[in-house]
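In order, the protein sequence lines correspond to chains R and A.
Quick note, the first sequence lines up with residues -12 to 100 if you use the numbering used here.
Quick note, the second sequence lines up with residues 8 to 122 if you use the numbering used here.
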Amino acid sequence: DAGVTQSPTHLIKTRGQHVTLRCSPISGHKSVSWYQQVLGQGPQFIFQYYEKEERGRGNFPDRFSARQFPNYSSELNVNALLLGDSALYLCASSQDSANYGYTFGSGTRLTVV
Amino acid sequence: AQSVTQPDIHITVSEGASLELRCNYSYGATPYLFWYVQSPGQGLQLLLKYFSGDTLVQGIKGFEAEFKRSQSSFNLRKPSVHWSDAAEYFCAVGATNFGNEKLTFGTGTRLTIIP
């Protein structure tokens, strides 16, 4: 079975631009969470979606938004990119929202220049 | 608010030696606790997790961890490390109240293995 798939794997954007990151969960998994990992730090929670509804939001500005589609895939959008948004963005999926059975993808490396 | 402290930023261990990585958490009740490993440029792989019951938890790759409520700790151990264990290790805590399933990670411990 395929694991959690994220695309693209690497991305370079300019300050002020917008970016969309994509995540396909493991088949049968209905919950998707997004984490930001800045170099040298642990991942930080951005969003959790379950059955297409937002279940949780971390301490990130409104420039960050996400959505989950009927097939349970998800997009993370970041507007007005800042240099500080450069990070590895990780997606994790689980069967439901309450068992922490997360499987993480390999991430999207975003570089803002 | 939940938080995790990993006091050791970097640890160097000889191949074949034992290993202990420290983790302290802060949470108002008994938390869910996790250890993840991350190889360079990769995502996170779950090593083990503690939800309840036996406080000594066995994981993959020969790792184990012990939950000590009195010390708010969840240290990771391995009796004999292999060169392939070199990676970044993250301890994480999850809330136990329904509707709040985020993981809070520590800053990680980088493990270097020397011959």
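Every residue, glycine too, gets a C-beta built ideally from N, C-alpha and C.
Every value quoted in this text rests on a predicted model; they were computed, and no experiment measured them.
Residue i: contacting residues in chain R (beta-carbon distance under 8 Å)
i, result
"F70 of chain A", "Residues of chain R passing the Cβ test: none, with the nearest at roughly 17 Å."
"G101 of chain A", "Y87"
Proximal chain A residues relative to residue i, where beta-carbon distance stays under 7 Å
i, result
"G94 of chain R", "G50"
"F101 of chain R", "The question about residue 101 of chain R has no answer here: the residues shown for chain R are numbered -12 through 100."
Cross-chain neighbours of residue i in chain R, by beta carbon under 9 Å
i, result
"G115 of chain A", "G27, Q28 and G29"
"Y34 of chain A", "Per Cβ cutoff of 9 Å: no residues; Y34 of chain A is ~14 Å from chain R at best."
Residue closest to residue i, alpha-carbon to alpha-carbon, out of the options
i, options, result
"N31 of chain A", "A:L110, A:I121 and A:C98", "A:C98"
"L54 of chain A", "A:K75, A:K68, A:S77 and A:S33", "A:K68"
"S162 of chain R", "R:S11, R:R2, R:T7 and R:G3", "Beyond the ends of chain R as shown, which are -12 and 100, falls residue 162 of chain R; an answer cannot be given."
"H89 of chain A", "A:S10, A:T19 and A:K75", "A:T19"
"R29 of chain A", "A:K75, A:G48 and A:S59", "A:K75"
"S77 of chain A", "A:G35, A:P14 and A:A8", "A:G35"
"G88 of chain R", "R:V19, R:T1 and R:R2", "R:V19"
"E108 of chain A", "R:R2, R:G15, R:T(-4) and R:Q31", "R:Q31"
"Q35 of chain R", "R:Y59, R:G29 and R:Q28", "R:Y59"
Expected contact under 8 Å - CB spacing of residue i and residue j to nearest Å
i, j, result
"T116 of chain A", "I16 of chain A", "7 Å"
"T98 of chain R", "I33 of chain R", "About 18 Å; that fails the 8 Å criterion."
Within chain A, the residues that residue i reaches when beta carbons sit closer than 8 Å
i, result
"L77 of chain R", "G50 and L51"
"F51 of chain R", "Here the premise fails: no neighbours, minimum Cβ distance about 14 Å."
"Q35 of chain R", "E108 and K109"
Assigned secondary structure, residue i (DSSP; H/G/I helix, E/B strand, else coil)
i, result
"I67 of chain A", "helix"
"G101 of chain A", "strand"
"L83 of chain A", "strand"
"G71 of chain R", "helix"
"S77 of chain A", "helix"
"S59 of chain A", "coil"
"S93 of chain R", "coil"
"S11 of chain R", "strand"
Within chain R, the residues that residue i reaches when beta carbons sit closer than 7 Å
i, result
"F112 of chain A", "G29 and P30"
"Y96 of chain A", "The premise fails here: Y96 of chain A is roughly 10 Å from chain R at the closest Cβ pair, so nothing lies under 7 Å."
Touch test, the segment 66 to 85 of chain A against the segment 20 to 27 of chain A, Cβ-Cβ under 8 Å, three pairs minimum:
yes
State whether the segment 30 to 44 of chain R contacts the segment -10 to 10 of chain R, with contact taken as three or more CB pairs (one from each stretch) at a distance under 8 Å.
no
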